[in-house]
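Okay, so here's the structure we're looking at.
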Amino acid sequence: MIHWFRVFFVGGLIAFRGLFNWIRPAMYIPTMFGSPLFQLIFFTKLGQYAHAEARDFYIVGNAVQACAMSSVYGMTMSVANERWFGTLGPLLASPANRAAVFLGRGVPVLANGLIVSAFTFGVGAVLLGFRPGLGALPALALIVVVTVSSCTCFGMLLGSIGLRAKDFFFAANLAYFLMLLFCGVNIPLGDLPGWMSGVGRCLPLTHGIAAARQVASGASLGHVAGLVWTEAGVGLAYAAAAYGLFRVLERESRRKAVLDTY
Amino acid sequence: MRALRIVASGFVFNLKMVGTSSFFLLTAIVQPVIFATIAFYMYRSGDRAGTLLYAALGAGMMGVWSTTLFGSGGLIQWQRWQGTLELGVGAPPSMTLVYLPFSLANATTGMYALAATLVWGRIVFGVPLHFVHPWLFALALPATVISLGLMGLVLASTFILYRYANALANLLEYPVWIASGLVFSTSLLPGWTRPISWALPPYWGVLALRHAALGGGVWMPLGLVVALGLVSIAIASYAFRWFEHLARARATLSLT
Chain A
10 MIHWFRVFFV GGLIAFRGLF NWIRPAMYIP TMFGSPLFQL IFFTKLGQYA
60 HAEARDFYIV GNAVQACAMS SVYGMTMSVA NERWFGTLGP LLASPANRAA
110 VFLGRGVPVL ANGLIVSAFT FGVGAVLLGF RPGLGALPAL ALIVVVTVSS
160 CTCFGMLLGS IGLRAKDFFF AANLAYFLML LFCGVNIPLG DLPGWMSGVG
210 RCLPLTHGIA AARQVASGAS LGHVAGLVWT EAGVGLAYAA AAYGLFRVLE
260 RESRRKAVLD TY
Chain B
37 MRALRIVASG FVFNLKMVGT SSFFLLTAIV QPVIFATIAF YMYRSGDRAG
87 TLLYAALGAG MMGVWSTTLF GSGGLIQWQR WQGTLELGVG APPSMTLVYL
137 PFSLANATTG MYALAATLVW GRIVFGVPLH FVHPWLFALA LPATVISLGL
187 MGLVLASTFI LYRYANALAN LLEYPVWIAS GLVFSTSLLP GWTRPISWAL
237 PPYWGVLALR HAALGGGVWM PLGLVVALGL VSIAIASYAF RWFEHLARAR
287 ATLSLT
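For the protein sequence lines, the chains are A and B, in the order given.
Using my numbering, read the first sequence as starting at 10 and increasing by one per residue.
Using my numbering, read the second sequence as starting at 37 and increasing by one per residue.
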């Protein structure tokens with residue numbers, strides 16, 4: 010068990026450092042902080058101009074969704090870049106437990122997603138006057154942790170597809186933008202057609218954002234427990250699907266001798 | 037004549053290259069359609085009447101800008117990765133002339149965005165496509181696209197010195213959408229941002245397109261789009277010469 014946790018934590022950290030060794034502050038800050046900051050301002054102003062929802066609706070939606078920048082792209086790259094860097098073969102040749110290898114990669118990505126979300130909430134407070142009340146902060150933090158975890162699990166699924174797919178960035182980009190549309194980030198689910206809100210309810214973020222909005226407007230954690238558990242369940246389902254797909258694609262790649270090929 | 041041949045062949049060559057790129061497909065068609073849909077629903081849930089064509093035009097222009105921006109950001113970086121930047125710099129024509137057709141082709145690809153959002157808006161949301169001045173719209177569109185292409189050339193020139201051009205491109209997408217007032221009025225922004233808006237070709241471009249479609253004076257914003265395009269090419273020519281010299285002197289041209 011100790012060995013499992015070593016691969017999970019230490020392996021995950023080393024993999025993150027190795028696969029993201031190209032990240033520098035000059036790249037990290039504009040991408041991870043700059044984009045969410047301006048995205049938040051853009052949608053808040055658009056909502057204000059369209060006379061749609063109240064300001065806090067957009068602040069909470071976009072601040073929670075900002076984690077997808079890290080969770081979707083970061084997690085996709087955490088798995089799929091092994092193939093790009095040519096290290097997938099040695100990794101899969103090792104006897105390490107696959108669940109530990111696979112899930113451990115999500116920890117640094119999750120931490121990064123939390124930083125990005127926290128920063129975006131902070132910007133909302135400083136620049137746009139978001140004031141959820143001190144009492145709401147612990148519940149809000151818990152919801153954000155659950156939502157970022159769920160989003161990271163979704164990223165794992167996309168990363169698994171990247172084990173075989175040629176253009177996994179297209180899938181990651183598409184998923185990221187579709188989440189903006191389907192997950193109630195800027196549009197209330199009730200305003201979307203039934204099929205779109207149905208798809209949204211099967212995606213990460215949707216229930217987390219709904220819970221965060223209610224907590225920010227004064228509801229207790231107990232009041233939104235159902236939404237939080239649903240978000241966690243959605244995340245677990247994606248994690249299980251991602252792990253299953255990873256194993257299937259690994260076995261198929263070995264069988265057809267297409268590891269590391271494009 | 038030789039310059040025209042370089043521009044024409046570079047334009048066609050790059051148009052073919054971006055035409056096969058799934059990233060450009062995403063930026064020029066899929067992303068604008070998604071953002072247009074978001075804008076349509078936001079406008080629908082609000083109480084602003086008659087703004088769906090306004091949103092469609094703005095979302096289309098967002099796509100034109102994204103394509104120009106990522107094309108320009110990627111222009112130098114991709115050349116670096118492919119090892120062809122030195123060949124472009126070493127060729128007898130000026131760098132401006134070598135990379136102008138690339139930037140124009142990127143912006144032209146962005147026209148798909150406008151077409152996609154208008155068609156999407158018409159089919160899915162029933163947006164009426166009745167333009168008040170259709171001929172002026174047909175004139176304003178290429179003028180805006182060319183002007184954005186020239187602005188992209190200015191960005192590409194500065195990216196010669198900046199190793200993380202792609203990250204800067206990621207950063208600049210939303211701010212220009214905001215400052216240009218593509219889907220909402222810039223009157224919502226603080227007063228100090230107004231001069232920034234005035235200096236941006238997309239601001240006047242979307243104004244020209246909007247006035248041509250919905251009514252209003254087209255010639256003034258159209259003239260300013262053209263003027264800013266000319267200013268852009270003057271800045272780009274100077275910047276390319278200067279930054280190219282610096283990159284060669286510091287031996288940083290091919291650093292990735």
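Each residue gets a CB set at the ideal place from its N, CA and C atoms; glycine is no exception.
Between which two residues does the alpha helix (DSSP H) carrying residue i extend?
i                 : result
Asn-71 (chain A)  : 64-74
Ala-176 (chain B) : 170-194
Lys-52 (chain B)  : 38-55
Lys-265 (chain A) : 234-265
Ser-169 (chain A) : 146-170
Ala-143 (chain B) : 131-145
Phe-42 (chain A)  : Note, Phe-42 (chain A): premise wrong, no alpha helix (DSSP H); not H, not E.
Phe-279 (chain B) : 255-285
Pro-117 (chain A) : 115-137
Met-98 (chain B)  : 88-118
Val-219 (chain B) : No alpha helix (DSSP H) contains Val-219 (chain B), which DSSP labels as neither H nor E.
Trp-240 (chain B) : 237-250
Phe-186 (chain A) : 177-191
Leu-101 (chain A) : 97-102
Arg-140 (chain A) : No alpha helix (DSSP H) contains Arg-140 (chain A), which DSSP labels as neither H nor E.
Arg-80 (chain B)  : 67-81
Thr-85 (chain A)  : 84-93
Pro-226 (chain B) : Neither: Pro-226 (chain B) is in no alpha helix (DSSP H) and is coded neither H nor E.
Ser-206 (chain A) : 203-210
Ala-219 (chain A) : 215-225
Val-125 (chain B) : 121-126
Arg-33 (chain A)  : Premise fails: Arg-33 (chain A) is in no alpha helix (DSSP H) and is neither H nor E.
Arg-26 (chain A)  : 21-28
Arg-84 (chain B)  : Where Arg-84 (chain B) is concerned, there is no enclosing alpha helix (DSSP H), given that its DSSP letter is neither H nor E.
Leu-61 (chain B)  : 58-61
His-166 (chain B) : First-last for His-166 (chain B): undefined, no H or E at that position.
Ile-196 (chain A) : Careful: Ile-196 (chain A) lies outside any alpha helix (DSSP H) and carries neither H nor E.
Find the residues of chain A that neighbour residue i, judging by a C-beta separation of less than 8 Å, and give them in chain order.
i                 : result
Asn-206 (chain B) : Pro-39, Thr-40, Gly-43, Ser-44
Val-242 (chain B) : Within 8 Å Cβ-Cβ: nothing; Val-242 (chain B) doesn't reach chain A, min ~14 Å.
Thr-103 (chain B) : Simply none; closest approach about 14 Å.
Thr-73 (chain B)  : Leu-190
Could you name the residues of chain B that residue i contacts, counting a contact when the two beta carbons are closer than 8 Å?
i                 : result
Lys-54 (chain A)  : Ile-214, Phe-220, Leu-224, Leu-225
Arg-33 (chain A)  : Tyr-200
Ile-197 (chain A) : Here residue 197 (chain A) turns out to be Pro, not Ile, going by the sequence shown. Within 8 Å Cβ-Cβ: Ser-81.
Leu-201 (chain A) : Tyr-77
Residues of chain A with a CB under 7 Å from the CB of residue i: which are they?
i                : result
Gly-82 (chain B) : Ala-59, His-60, Ala-61
Leu-62 (chain B) : Phe-179, Asn-182, Leu-183
Ser-58 (chain B) : Asp-176, Phe-179
Ala-67 (chain B) : First, the amino acid is wrong: residue 67 (chain B) is Gln here, not Ala. The answer, in chain order, is Phe-186.
In chain B, what lies closer than 7 Å to residue i by C-beta?
i                 : result
Phe-51 (chain A)  : Tyr-210, Trp-213, Ile-214
Gln-48 (chain A)  : Tyr-210
Met-36 (chain A)  : Tyr-200, Ala-203
Leu-187 (chain A) : Ile-70
Leu-172 (chain A) : Simply none; closest approach about 18 Å.
Name, please, each residue of chain A whose Cβ falls closer than 9 Å to the Cβ of residue i.
i                : result
Ala-95 (chain B) : Correct list: empty, because the minimum Cβ distance to chain A is about 11 Å.
Taking 8 Å as the CB-CB cut-off, is residue i touching chain C?
i                 : result
Asp-200 (chain A) : Chain labels in this structure do not include chain C; the protein chains are A and B.
Below 8 Å, how does it come out for the segment 74-86 of chain B and the segment 197-217 of chain B: are there three or more Cβ pairs, yes or no? No, the segment 74-86 of chain B does not touch the segment 197-217 of chain B.
Does the segment 186-200 of chain B come within contact of the segment 88-95 of chain B, defined as at least 3 CB pairs closer than 8 Å? no
Measuring CB atoms only, is the segment 30-42 of chain A touching the segment 91-107 of chain A, in the sense that at least three cross pairs come out at less than 8 Å? no
With a threshold of 8 Å, are at least 3 pairs of Cβ atoms found where one atom belongs to the segment 20-32 of chain A and the other to the segment 47-58 of chain A? no
For the segment 199-208 of chain A and the segment 117-132 of chain A, state whether three or more C-beta atom pairs, one from each stretch, are separated by less than 8 Å. Contact between the segment 199-208 of chain A and the segment 117-132 of chain A is absent: fewer than 3 CB-CB pairs across the two stretches fall below 8 Å.
Taking three-plus beta-carbon pairs below 8 Å as touching, is the segment 71-87 of chain A in contact with the segment 147-166 of chain A? yes
State whether the segment 59-78 of chain B contacts the segment 148-158 of chain B, with contact taken as three or more CB pairs (one from each stretch) at a distance under 8 Å. yes
Measuring CB atoms only, is the segment 137-144 of chain A touching the segment 202-213 of chain A, in the sense that at least three cross pairs come out at less than 8 Å? no
Within the chosen definition, does the segment 175-183 of chain B reach the segment 234-246 of chain B through at least 3 CB pairs nearer than 8 Å? yes
Do three or more CB pairs link the segment 214-223 of chain A to the segment 186-197 of chain A at distances below 8 Å? yes
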